[in-house]
Amino acid sequence: MLVDSHCHLDRLKLDKFDGDLDAVLDLARSRGVGKFLCVGISLDNADAVVEIASRYKDVVCSVGIHPLDVESGLAGVDELILMGERPNVVALGETGLDYYYSTETKEVQQQSFIAHLQAAGRAELPVIVHTRDAREDTIKLIHAHGNLETAGVLHCFTESWEMAKSALDLNYYISLSGIVTFKNAEELRDVARKLPLDRLLVETDSPYLAPVPYRGKANIPAYVREVAEFIAELRGIPYEQLAEITTENFFRLFPRAA
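Under numbering that gives the first Met the number 0, think of the first position of the sequence shown as 0, with each following residue one higher.
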């Protein structure tokens, strides 16, 4: 079995599937994907991801506020804890810091990230972290406010091996997306080779960042297979072994998904 540990099922482009999410999930299932984590990004879409997870036995969800969505609404620690108690919610996030697209909201992003980390600690939930061009602050805030027991994952990782090591030291997992297959991603492939296998997850981040050979097209959960096969070849291990290990890692990190 394979897990798509990070997808946005409420945002998928369904034109080629006659608007039918079931068809998209069935295609992924036919390629060995047995679990999907549908990730929340704002207060506005929390209901949508919870509703999707309620419809499918193999879909779970997270709720949270993406750093690029902080201007659309924030949630305090108590509100995030309540959100985390909703059915089929297995994590808080995605949250984090993004200084690449938005430096003017830097302080608000940090406040929101801290609230998610504190709420996750109290609720005993893992955190799904988005980080871009904010290496030092991301690690610093996790260290200061995170719960090392429940920890979390740096999703769609594109940063340095040094940052990956810092996250691993904080008991975090690293999730790799289709970006690892891109021609210009040699630094990331170096990270993929070095990561301890027991801390590795795979994801699509669909509908974004489709892997080669689908780069430039709309991404779907079925393409997590391409990500996993590429990393397995990179590591010199059988695909089946990588699928088994990353699935075990997923359920260890997100025990409520079992």
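Glycine is no exception: its CB is placed at the ideal position from the N, C-alpha and C atoms.
Asked: Under 6 Å Cβ to Cβ from Val76, same chain only, skipping five residues before and after it: list those, please.; Found: Ala114, Gln117, Ala118
Asked: Round the Cβ separation of Val226 and Ser176 to the nearest angstrom and send it over; I've been treating them as touching at under 8 Å.; Found: 6 Å
Asked: Cα separation between Gly120 and Gln108?; Found: 18 Å
Asked: To the nearest angstrom, report how far apart Ala256 and Lys193 are at their CA atoms.; Found: 27 Å
Asked: Which partner residues of Leu199 appear in the DSSP bridge assignment?; Found: Ile173
Asked: Just verifying my parser: in three-state terms, what is the DSSP assignment at Ser159?; Found: coil
Asked: Assuming Ser61 is part of the alpha helix (DSSP H), what are its boundary residues?; Found: Taken as a continuous stretch (DSSP letters only), Ser61 belongs to no alpha helix (DSSP H), being part of the beta strand (DSSP E) at 58 to 62.
Asked: For Val223 and Ile236, what's the separation of their Cα atoms in angstroms?; Found: 17 Å
Asked: Answer yes if the region 89 to 106 comes into contact with the region 64 to 76, meaning at least three C-beta pairs across the two stretches below 8 Å, and no otherwise.; Found: yes
Asked: DSSP three-state call for Arg131: helix, strand or coil?; Found: strand
Asked: Please list, in chain order, all residues of the same chain as Arg85 whose beta carbon is under 8 Å from its beta carbon, the five residues on each side excluded.; Found: Ala45, Val49, Val62
Asked: Across which residues does DSSP place Gly95 in a beta bridge pair?; Found: His129
Asked: For Leu91 versus Leu124, is the C-beta distance shorter than 8 Å?; Found: yes
Asked: Check whether the Cβ atoms of Ser201 and Thr245 lie closer than 8 Å to each other.; Found: The sequence shown places Val at residue 201, not Ser. Their beta carbons are under 8 Å apart, which means Val201 touches Thr245 by this criterion.
Asked: My output table needs one value for Ser41: the three-state DSSP class, helix, strand or coil.; Found: coil
Asked: Do Gly31 and Leu11 have their CB atoms nearer than 8 Å?; Found: no
Asked: So who's on the other strand from Val32, going by DSSP bridges?; Found: Leu1
Asked: State the Cα-Cα distance for the pair Gly39 and Leu233, rounded to the nearest angstrom.; Found: 31 Å
Asked: Thinking just about the alpha-carbon of each residue, which of Gly151, Tyr100, Thr104 is nearest to the one in Asp132?; Found: Tyr100
Asked: Please classify Glu158 as buried or exposed, where buried requires at least 16 neighbouring CB atoms within 10 angstroms.; Found: buried
Asked: Can you check whether the CB of Phe156 is closer than 8 Å to the CB of Ala150?; Found: no
Asked: With 16 other CB atoms within 10 Å as the buried threshold, where does Asn183 fall?; Found: exposed
Asked: Could you pull out every residue in the same chain whose Cβ sits closer than 8 Å to the Cβ of Ile51, ignoring the five residues on either side in sequence?; Found: Leu8, Asp9, Leu20, Cys37, Val58, Cys60
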